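In the numbering used here, the protein residues as written are 35 to 230.
Note that the Cβ used here is the ideal one computed from N, Cα and C, for glycine as well.
Quantities reported herein were computed from a predicted structural model and do not represent experimental measurements.
First up is the structure itself, then whatever we jot down about it.
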């Protein structure tokens, strides 16, 4: 069952902490620490499809890099509850993640149809008039969530499916040389039948 946010909230960011770039000091690092309230954590959990988000903290610095660019270095801490992919029982995970972002004024914009080589540094973002630390926090949390949370000891049973009349393919069959051994056995059978 999926839970949808009310339509009017779909355009409203869940948790904002906006800094105007023109207000930031280029001489002194800007320190920040975001600790969303329980109601904000519930809204973020709902948006990310989590049964619960027990704690969330985002702490770091925003520093000028040259005259126009900005660098964020932060630590994300969270305690999340997810459904186990095997049993659907709740799985609690503690997340501690270093977060880095760079906002660059002269980052070229990509247009549809253009062939542009993507920069190797995936922390780069175009710089606008504002930096929303709340959006960075939520995006960083979404990226840090375990993809396949499992309760301890939960194992997936092997199941093989195939159309009627077709032998199901097992994990053993999918190994790179499984087909070669079957071919060798088939050729050995033909060689034996020619000798008789």
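State the beta-bridge partners of residue i as determined by DSSP.
i: residue 72; result: DSSP output for residue 72 lists no bridge partner at all.
i: residue 94; result: 66, 108
i: residue 130; result: 111
i: residue 159; result: 137
i: residue 103; result: 99
Take residue i as the anchor and find which of the options has the nearest alpha-carbon.
i: residue 135; options: 78, 129, 159; result: 159
i: residue 182; options: 138, 52, 121; result: 121
i: residue 81; options: 127, 173, 180; result: 173
i: residue 125; options: 138, 184, 197; result: 184
i: residue 100; options: 139, 186, 129; result: 139
i: residue 103; options: 161, 116, 113, 62; result: 161
i: residue 114; options: 77, 223, 87; result: 87
i: residue 93; options: 109, 78, 85; result: 109
i: residue 83; options: 179, 214, 217; result: 179
If we count the other Cβ atoms within 10 Å of its Cβ and call it buried at 16 or more, is residue i buried or exposed?
i: residue 96; result: buried
i: residue 48; result: buried
i: residue 71; result: exposed
i: residue 221; result: exposed
Expressed to the nearest angstrom, what Euclidean distance is found between the alpha-carbon atoms of residue i and residue j?
i: residue 119; j: residue 58; result: 44 angstroms
i: residue 39; j: residue 219; result: Note on residue 39: pLDDT 42, under 50, position unreliable in the model; the coordinate value appears next. Answer to the nearest angstrom: the Cα atoms are 59 angstroms apart.
i: residue 105; j: residue 91; result: 19 angstroms
i: residue 89; j: residue 198; result: 50 angstroms
i: residue 186; j: residue 74; result: 30 angstroms
i: residue 137; j: residue 201; result: 55 angstroms
i: residue 116; j: residue 175; result: 13 angstroms
i: residue 63; j: residue 107; result: 11 angstroms
i: residue 65; j: residue 123; result: 39 angstroms
i: residue 54; j: residue 163; result: 6 angstroms
Pairing CB atoms from the segment 49 to 57 with CB atoms from the segment 166 to 184, are three or more of them under 8 angstroms?
-> yes
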